[in-house]
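Numbering (my numbering), first residue to last: 70 to 296.
C-beta: ideal position from N, C-alpha, C; glycine also.
These numbers come from a predicted model, not from an experiment.
All remarks here apply to the structure that follows.
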Amino acid sequence: VALISIMATTVLAVTSVNIRMKAIQKQSLDNFYSAETAMDEIKVGLQNDVAIASKNAYLRTMERFEVEDEHNLFLIYQDAYKDELMEKIAGTEGNSAAIKDHLMSFVSKPAEVVLENIDVLIRENDGLRIPQLRLVYTDLKNYQSIITTDIRLGCPNISFSSTTDEPDLKNFCLVGQKNINFSSASTVNVSGNIMAGKDDSVLSGLEISAAANVVFQKGTVIAEDGI
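So, in structure tokens, the structure goes:
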């Protein structure tokens with residue numbers, strides 16, 4: 070009886086320890102997944118920043134499209150992208166507190182997350198980098214998980230090549246996807262190329278009514294469905 074009691078007590082003790090270990094392991098995993106979720110929220114927020122910075126940088130670069138070659142346009146785009154993204158993340162202050170506030174704005178449970186080791190955004194040739202970002206997640210039971218990582222925000226590889234089979238639209242003064250119609254009695258002076266498409270609901274791609282007074286000073290007229 071004594072031996073069986075000892076064995077039973079031992080089995081119960083081992084089982085109890087096993088159950089506690091499993092509970093701790095589950096709590097630890099849940100905590101780590103929560104920390105990972107917070108980090109993913111930051112990454113998604115930064116991806117949105119990258120999209121906005123890329124769009125604004127592209128629009129700024131296209132203002133130089135006529136006077137720069139393809140290589141210089143991409144360099145201008147890279148610099149504009151980094152400037153836009155730097156301002157988006159660090160604000161006008163550009164310090165670590167501003168960066169931290171911006172990153173924390175993406176976190177759904179800010180009371181449980183602490184961001185540490187935020188110094189500055191590092192400008193690299195092809196983008197920005199946040200080095201050794203440290204995220205500490207503490208749940209309601211004081212379990213902690215820590216994730217340390219670099220975050221790189223690379224510059225999208227956009228081609229500014231003007232080589233294409235399509236007409237160069239910069240050389241056209243009038244472009245109509247379907248029909249172009251001159252019907253006004255007022256004098257219209259056209260100086261440049263015209264391109265008209267095709268519209269099944271009208272007779273031709275380019276139409277000039279009898280009452281219209283159109284003066285073609287120079288250029289080429291292209292009409293897919295006739296004139």
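Residue i: first and last residue of the uninterrupted alpha helix (DSSP H) it sits in
{"i": "residue 147", "result": "139-159"}
{"i": "residue 172", "result": "165-173"}
Buried or exposed (CB count within 10 angstroms, at least 16 for buried), residue i
{"i": "residue 186", "result": "exposed"}
{"i": "residue 193", "result": "exposed"}
{"i": "residue 274", "result": "buried"}
{"i": "residue 168", "result": "buried"}
{"i": "residue 150", "result": "buried"}
{"i": "residue 153", "result": "buried"}
{"i": "residue 279", "result": "exposed"}
Extent of the continuous beta strand (DSSP E) to which residue i belongs
{"i": "residue 241", "result": "241-245"}
{"i": "residue 212", "result": "First-last for residue 212: undefined, no H or E at that position."}
{"i": "residue 43", "result": "It is not possible to answer for residue 43, since the shown part of the chain is limited to 70 through 296."}
{"i": "residue 183", "result": "182-185"}
{"i": "residue 250", "result": "249-251"}
{"i": "residue 191", "result": "191-193"}
C-alpha distance - residue i paired with residue j, whole-angstrom precision
{"i": "residue 127", "j": "residue 198", "result": "21 Å"}
{"i": "residue 204", "j": "residue 75", "result": "47 Å"}
{"i": "residue 182", "j": "residue 219", "result": "18 Å"}
{"i": "residue 225", "j": "residue 125", "result": "13 Å"}
{"i": "residue 184", "j": "residue 121", "result": "24 Å"}
{"i": "residue 143", "j": "residue 171", "result": "28 Å"}
{"i": "residue 137", "j": "residue 100", "result": "52 Å"}
{"i": "residue 291", "j": "residue 265", "result": "6 Å"}
{"i": "residue 163", "j": "residue 147", "result": "19 Å"}
{"i": "residue 277", "j": "residue 131", "result": "34 Å"}
{"i": "residue 214", "j": "residue 107", "result": "11 Å"}
{"i": "residue 72", "j": "residue 86", "result": "21 Å"}
{"i": "residue 189", "j": "residue 139", "result": "32 Å"}
{"i": "residue 158", "j": "residue 165", "result": "10 Å"}
{"i": "residue 282", "j": "residue 293", "result": "23 Å"}
{"i": "residue 211", "j": "residue 98", "result": "14 Å"}
{"i": "residue 79", "j": "residue 89", "result": "15 Å"}
{"i": "residue 258", "j": "residue 155", "result": "47 Å"}
{"i": "residue 253", "j": "residue 129", "result": "37 Å"}
Residues that DSSP places opposite residue i in a beta bridge
{"i": "residue 287", "result": "260"}
{"i": "residue 275", "result": "249"}
{"i": "residue 265", "result": "245, 292"}
{"i": "residue 282", "result": "256"}
{"i": "residue 227", "result": "Paired residues: none, contrary to the question."}
{"i": "residue 221", "result": "198"}
Practice item. Would you list, in sequence order, the uninterrupted alpha helix (DSSP H) runs of no fewer than 4 residues that lie entirely inside the stretch 83-113? Key: none
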